[in-house]
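**Q** 120 is the number that the numbering used here gives to position 105 of the sequence shown; each next residue is one higher, with no gaps.
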Amino acid sequence: MANDICNFKYFIDKNLQDKFLNNFCNLINNNDILNNGLQEPNEEKYKLYTINSISVNLKQFINKNYLINILQKNNIYFPIILKYTSDNPIFKHQASIILNENYLDNFINKYINKIYDEKYNTSMLIQHITQHGGYVLKLYHLGNKNFIDYRSSLINIDEANTKMVEELFEGNGYWNFKTIMLESDEYKNKIWGKYVEKNGVENKIKKNKKLFDYILNVVSLFEIYSHMGLFGIDIIIDNKNKLYIIDANSLPGYKKGFEIEKDLRNYFKKIIP
Numbered sequence: 016m017a018n019d020i021c022n023f024k025y026f027i028d029k030n031l032q033d034k035f036l037n038n039f040c041n042l043i044n045n046n047d048i049l050n051n052g053l054q055e056p057n058e059e060k061y062k063l064y065t066i067n068s069i070s071v072n073l074k075q076f077i078n079k080n081y082l083i084n085i086l087q088k089n090n091i092y093f094p095i096i097l098k099y100t101s102d103n104p105i106f107k108h109q110a111s112i113i114l115n116e117n118y119l120d121n122f123i124n125k126y127i128n129k130i131y132d133e134k135y136n137t138s139m140l141i142q143h144i145t146q147h148g149g150y151v152l153k154l155y156h157l158g159n160k161n162f163i164d165y166r167s168s169l170i171n172i173d174e175a176n177t178k179m180v181e182e183l184f185e186g187n188g189y190w191n192f193k194t195i196m197l198e199s200d201e202y203k204n205k206i207w208g209k210y211v212e213k214n215g216v217e218n219k220i221k222k223n224k225k226l227f228d229y230i231l232n233v234v235s236l237f238e239i240y241s242h243m244g245l246f247g248i249d250i251i252i253d254n255k256n257k258l259y260i261i262d263a264n265s266l267p268g269y270k271k272g273f274e275i276e277k278d279l280r281n282y283f284k285k286i287i288p
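1) Which whole runs of the alpha helix (DSSP H) in the segment 72 to 144 are 4 residues long or more, in chain order?
2) What are the uninterrupted segments assigned as alpha helix (DSSP H) that are 4 or more residues long and contained completely in the segment 206 to 280, given in chain order?
3) By alpha-carbon positions, which one of 158, 167, 176 ends up nearest to residue 276?
4) Going by DSSP in three states, residue 69 sits in which element: helix, strand or coil?
5) Check for me: the beta strand (DSSP E) holding residue 193 runs from which residue to which?
6) Please report the residue range of the alpha helix (DSSP H) in which residue 153 lies.
7) Quick one: what does DSSP say residue 16 is sitting in, helix, strand or coil?
8) In this structure, what does DSSP give as the bridge partners for residue 167?
9) Quick test of the definition: if touching needs 3 or more C-beta pairs under 8 Å, does the segment 99 to 115 touch the segment 129 to 149?
10) Below 8 Å on the Cβ atoms is my contact criterion, and I expect residue 66 with residue 252 to pass it. Report the Cβ-Cβ distance as a whole number of Å.
11) Using three-state DSSP, classify residue 285 as helix, strand or coil.
12) Report the option in 105, 96, 123, 106 whose CA atom is closest to the CA atom of residue 113.
13) Should residue 269 go down as buried or exposed, given a rule of 16 or more other Cβ atoms within 10 Å for buried?
14) Name the two residues that bound the continuous alpha helix (DSSP H) containing residue 178.
15) Can you tell me the Cβ-Cβ gap for residue 169 and residue 250, rounded? I've got them flagged as a contact below 8 Å.
16) Leaving aside the five residues before and after residue 43 along the sequence, list all residues of the same chain whose C-beta is less than 7 Å from its C-beta, in chain order.
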C-alpha cells in the first residue's frame, strides 16, 4: 500500500476519488482479513462496491442522444441522480432526480434551458440511484475514534412507493432539491422526513454483529490505505444486502460522537513530533 499514499487531491478531484475508491474496494474484496472470524467458510462474504458515475457538462447533457449513449456505455440506468458542480450560484448544493428517459425532455426544457448560462462552468455527476431502504451510514474517523451516524435518506423509488414518489415529483418525473437542506432537522421533519422509511436501521445493524464488525473493519482499513487519520465515508446497503461506498470526505463535519476540540488536539499531538 506504500504506492497508494493518499493526499487531498483524491478527495477534491472526483475522477481521482472514483479511481481511489475502486482500488480500495478491490483491496477489501480480495483481502480475507476483513472476513476472518466474522463468517463461516461456507457463508457468503461481505463485499464493498462503488457505484458507476460519469461527469458531463451542461452542453453535453442537453444533447439527449449523446447523453443516452454515454449512460448506456457506462451502464448507468434510470432513475438517475444529478449532482452539480458550478460557478453559477443557482446550482450551489443543488441536486436533481430524474425517474426515466421519458422525462428528460421535460427536465431539460422546463428546468435546464431556463437557467443555462454559458458564462458559467457547470458540470454534473450522474449516478444510478441504488435503492437503499431510506438510510445512509455516515462513518467518521478521528485519530483512534470511530463513530457511525445513521442518517435518513430517500425512500426506495419502486412500485411499492409509487404514490409517495408521484407526490414528491409532482407529476413532473423529476425533482430538484438542495442537498444542504437535508442537514436541516426542520426541513427533514416537515418535508423530507415524511418520505423516508423509518425502519430502525441502527438497531438492525447493531444486532447483526458480523455486519457491524465488518463496517468497523472497513473504517480501519481505509485509514491504513488512505494514510489519513481524519476522514468520513458514506456507505449504503441495497435491497440485496450489498454494501456500497458512495462518498469520501477529508474534512467531514464532526457533529456527533466526538469531543472535537479535545480529540483534534490529541490527534495532532500524536502525529506532530
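From the three backbone atoms N, C-alpha and C, an ideal C-beta is built for every residue, glycine too.
**A** Looking at the atomic coordinates:
1) Along the segment 72 to 144, the alpha helix (DSSP H) occurs as fully enclosed runs of 4 or more residues at 73 to 76, 79 to 88, 119 to 122, listed in sequence order.
2) For the segment 206 to 280, whole alpha helix (DSSP H) runs of length 4 or above, ordered along the chain, are 216 to 222, 224 to 241.
3) The residue with the shortest Cα to Cα distance from residue 276 is 158.
4) Per DSSP, reduced to three states, the secondary structure at residue 69 is strand.
5) First-last of the beta strand (DSSP E) with residue 193: 189 to 193.
6) Residue 153 -> not in any alpha helix (DSSP H); beta strand (DSSP E) instead, spanning 150 to 157.
7) With a pLDDT of only 37 at residue 16, under the threshold of 50, the placement of this residue in the model should not be trusted; the figure read from the coordinates follows. Coil, per DSSP.
8) Paired residues: 150.
9) Verdict: yes, contact present.
10) Actually they do not touch by this definition, with Cβ atoms about 13 Å apart.
11) DSSP, read as helix, strand or coil, puts residue 285 in helix.
12) Checked all of 105, 96, 123, 106; the closest Cα to residue 113 is 96.
13) The residue is buried, with at least 16 neighbouring Cβ atoms inside 10 Å.
14) Segment 177 to 184, the alpha helix (DSSP H) holding residue 178.
15) Not really, about 16 Å apart at Cβ, beyond 8 Å.
16) Excluding the 5 residues flanking it on each side, residue 43 has same chain C-beta neighbours closer than 7 Å at 49, 63, 233, 236, in chain order.
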